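**Student:** The numbering of the sequence shown is my numbering, which starts it at 150 and goes up by one.
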Amino acid sequence: AEVARADFPDGFVFGVATSAYQIEGARREGGKGDSIWDVFTEDKERVLDRSNGDVAVDHYHRYKEDIELMASLGFAAYRFSISWARIFPDGLGGKVNEQGVAFYNNLINFMIAKGIEPYATLYHWDLPNHLQKTLGGWLSDKIVDYFALYAEACFANFGDRVKRWITINEPLQTAFNGYGIGVFAPGGCEGETARCYLAAHHQILAHAAAVDVYRRKFKVAQGGEVGLVVDCEWAEPFSEKVEDQIAAQRRVDFQLGWYLDPIYFGDYPESMRQRLGSDLPTFSEKDKEFIRNKIDFVGLNHYTSRFIAHHQNPEDIYFYQVQQVERIEKWNSGEKIGERAASEWLFIVPWGLRKILNYIAKKYNNPTIYVTENGMDEEDDQSATLDQVLNDTTRVGYFKGYLASVAQAIKDGADVRGYFAWSFLDNFEWAMGYTKRFGIVYVDYKNGLSRHPKASALWFSRFLKGEAAENKADTN
Ligand code: GBH
150 AEVARADFPD GFVFGVATSA YQIEGARREG GKGDSIWDVF TEDKERVLDR
200 SNGDVAVDHY HRYKEDIELM ASLGFAAYRF SISWARIFPD GLGGKVNEQG
250 VAFYNNLINF MIAKGIEPYA TLYHWDLPNH LQKTLGGWLS DKIVDYFALY
300 AEACFANFGD RVKRWITINE PLQTAFNGYG IGVFAPGGCE GETARCYLAA
350 HHQILAHAAA VDVYRRKFKV AQGGEVGLVV DCEWAEPFSE KVEDQIAAQR
400 RVDFQLGWYL DPIYFGDYPE SMRQRLGSDL PTFSEKDKEF IRNKIDFVGL
450 NHYTSRFIAH HQNPEDIYFY QVQQVERIEK WNSGEKIGER AASEWLFIVP
500 WGLRKILNYI AKKYNNPTIY VTENGMDEED DQSATLDQVL NDTTRVGYFK
550 GYLASVAQAI KDGADVRGYF AWSFLDNFEW AMGYTKRFGI VYVDYKNGLS
600 RHPKASALWF SRFLKGEAAE NKADTN
């Protein structure tokens, strides 16, 4: 039978997700400081269509319209991110920028008035540029204290209404694409790719410091929870061979384990230590104790899967050479793992989500999990009519498949409490600019940024009302 709302437990939360730099715009308004993405995109070569987030989809000015649409579609939760440089323009944690606080107060109050629960992410890649310029950003251990000050300001100002917090979105991407390869801000570390492990290390400590502040100063009064969002492609062993089975495990270690092992077990995975040696920083005994169990839930961003084979020296970028894995898009029988979406990296593999949820449940002692992002993109097609672009049937199929996979994982025993579709709106897709559209709501970039729900948004709306699926009794 087709997936239905009734396949999920009562109280299961359905929402949509976005991030500040990708949608807000208003780069120089409301006293905001520059972030590393503001500066990074000044070099036009960094972004495929030479665009940036100066205006983005103007959510800063249209937040009411956006929240109203979200509410009318029936979503119960909204995962958004707070721009650090709107709260502390230079990141130093001195005096809060009241205009920045006012913007998020208005946003949060408006969503609550419309019956939507806020899930706030503190860091979705937009570091105040001043911290990059003066300290080297996430490469400096000083960032840990600045992040804790910022987190504290957010808890103090918004925590009476925000009960679900996410410290950092996908630390892997900041480390790997930001400080490693350099296709994301701040643009790498000039040949010293291995410093990305240091950027990751400080993100783990910063996450723990923020959770620590919450538990010490806010938890009792506010009663909320703080989680970390990690991203992971599922790694399916390419063959029955033991070396491929081990390689697939290693591939997951280098994504999930990199962040969750230190937090749950006190240290990095052994497979990382073996391959990285002294490139991988070490936690002092004090650090280990400090970070241990500093997490209330795991947020999982999941889009796609790959077959993974062991390879001594794959022809690929440094990261996969170190991991000694080959990422394969076809099964050994020659069959594709799934259809490709618009992004080169995104194959549609619904069963991968069930596997990764069950993996997390088993490995980390059944933590509370939220699927904090899941979705697919289509190419921005300049020649298509509005009717055509709104008819996103592939995305409807994607959601049906992946949601069914979540429902199965819950039946398997994983403690999944919510699901957030990425994304509510078409938006600035980082290095791909506006060429890729992940929204369930179309944004007409050529006609005043007007919003138009795609078929997937309407499908979701019916699904949430319990109308989308056929009656189970008919099909069983
Ligand atoms: C998420 O990352 C992000 O949290 C979100 O902001 C983003 O919009 C969404 O995915 C869709 O991409 O081809 O060089 O541009 C998911 C992990 C990291 C996977 C970047 C794709 C592509 C790098 N993504 N990666 S590049």
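Backbone N, C-alpha and C fix where the C-beta goes; we use that ideal spot for every residue, glycine too. These numbers were taken from a predicted model, which means no experiment stands behind them.
What does the alpha-carbon distance come out to for the pair P267 and H459?
**Tutor:** 42 Å
**Student:** Rank V162, G327 and Q171 by C-alpha distance to the C-alpha of F587 and give the top, closest one.
**Tutor:** It is Q171.
**Student:** Is W571 close to the ligand GBH? I mean its beta-carbon at under 7 Å from any heavy atom of the ligand.
**Tutor:** yes
**Student:** Could you tell me if the beta carbon of W407 falls within a distance shorter than 7 Å of some heavy atom in the ligand GBH?
**Tutor:** no
**Student:** Grouping DSSP H, G and I as helix and E and B as strand, with all else coil, what is F609?
**Tutor:** Here F609 carries a helix assignment [DSSP, helix/strand/coil].
**Student:** Going by C-alpha to C-alpha distance, which of D402, N442, E434 and K443 sits closest to Q423?
**Tutor:** D402
**Student:** Could you check whether A491 and K585 sit closer than 8 Å to each other, using their CB atoms as the reference points?
**Tutor:** yes
**Student:** Can you find at least 3 beta carbon pairs, one from the stretch 400–420 and one from the stretch 504–518, that sit closer than 8 Å?
**Tutor:** The answer is yes - the stretch 504–518 touches the stretch 400–420, with three or more Cβ pairs under 8 Å.
**Student:** Are the Cβ atoms of A166 and R228 separated by less than 8 Å?
**Tutor:** A166 places its beta carbon less than 8 Å from that of R228.
**Student:** Answer yes or no: do W274 and W186 have a C-beta to C-beta separation smaller than 8 Å?
**Tutor:** yes
**Student:** Would you identify the three-state DSSP class for W314, choosing helix, strand or coil?
**Tutor:** strand
**Student:** The ligand GBH and A558: does any heavy atom of the ligand fall closer than 7 Å to the residue's C-beta?
**Tutor:** Checking the 7 Å criterion, the Cβ of A558 is out of range of every heavy atom belonging to the ligand GBH.
**Student:** Would I518 pass as a contact of V565 if the rule is Cβ separation under 8 Å?
**Tutor:** Closer than 8 Å, so yes.
**Student:** Is W186 near the ligand GBH, going by C-beta to nearest heavy atom under 7 Å?
**Tutor:** Checking every heavy atom of the ligand GBH against the Cβ of W186, none is found closer than 7 Å.
**Student:** Can you find a heavy atom of the ligand GBH that lies under 7 Å from the Cβ of S605?
**Tutor:** no
**Student:** Between V245 and I236, how many whole angstroms is the CB-CB distance? I'm expecting something under 8 Å.
**Tutor:** 6 Å
**Student:** Would you decide whether D159 is buried or exposed? Buried here means 16 or more other CB atoms lie within 10 Å of its CB.
**Tutor:** exposed
**Student:** For the pair the stretch 375–395 and the stretch 428–436, tell me if three or more CB-CB distances fall below 8 Å.
**Tutor:** These segments do not touch.
**Student:** Can you confirm whether the stretch 361–371 touches the stretch 297–311 when touching is taken to mean that 3 or more C-beta pairs between the two stretches lie within less than 8 Å?
**Tutor:** yes
**Student:** Verify the contact flag: W579, CB atom, against every heavy atom of the ligand GBH, threshold strictly below 7 Å.
**Tutor:** Between the ligand GBH and W579, a heavy atom-to-CB distance of less than 7 Å is present.
**Student:** Counting only the same chain and skipping the five closest in sequence on each side, list residues whose C-beta sits under 6 Å from that of E578.
**Tutor:** K585
**Student:** Which whole runs of the beta strand (DSSP E) in the stretch 256–333 are 3 residues long or more, in chain order?
**Tutor:** Segments of the beta strand (DSSP E) lying fully in the stretch 256–333: 266–272 and 313–318.
**Student:** Return the chain-ordered ranges of every beta strand (DSSP E) run that is complete within the stretch 494–524 and spans a minimum of 3 residues.
**Tutor:** 518–522
**Student:** Specify the secondary structure class of W571 as computed by DSSP and reduced to three states.
**Tutor:** strand
**Student:** Taking only the alpha-carbon atoms, compute the straight-line gap between V360 and I444 and give it to the nearest angstrom.
**Tutor:** Roughly 7 Å between the two C-alpha positions.
**Student:** For N620, which residues in the same chain have their Cβ closer than 8 Å to its Cβ, ignoring the five residues on either side in sequence?
**Tutor:** Unreliable positioning characterises N620 in this predicted model, as indicated by a pLDDT of 43, which lies under 50. A coordinate reading is not provided.
**Student:** Grab me the residues of N540's own chain with a C-beta within less than 6 Å of its C-beta, minus the 5 sequence neighbours each way, in chain order.
**Tutor:** A604
**Student:** What do you get for R211, buried or exposed, if any count of 16 or more other CB atoms within 10 angstroms of its CB means buried?
**Tutor:** Buried, since its Cβ has 16 or more Cβ neighbours within 10 Å.
**Student:** With a Cβ-Cβ cutoff of 8 Å, do V520 and H451 count as a contact?
**Tutor:** yes
**Student:** What distance in whole Å lies between the Cβ atoms of W287 and Q394, which are believed to be in contact at a cut-off of 8 Å?
**Tutor:** Their Cβ separation, rounded to whole angstroms, is 33 Å, which puts Q394 and W287 out of contact at 8 Å.
**Student:** Measuring straight from C-alpha to C-alpha, what distance separates D207 and A553?
**Tutor:** Between D207 and A553, the C-alpha separation is close to 34 Å.
**Student:** Please classify V293 as buried or exposed, where buried requires at least 16 neighbouring CB atoms within 10 angstroms.
**Tutor:** buried
**Student:** So, for Y253: in the same chain, excluding its five sequence neighbours on each side, which residues have a beta-carbon less than 7 Å away from its beta-carbon?
**Tutor:** I231 and F307
**Student:** Expressed to the nearest angstrom, what Euclidean distance is found between the alpha-carbon atoms of G340 and I330?
**Tutor:** 9 Å
**Student:** With a Cβ-Cβ cutoff of 8 Å, do A558 and V152 count as a contact?
**Tutor:** no
**Student:** First and last residue of the beta strand (DSSP E) that includes I457?
**Tutor:** S454 to H459
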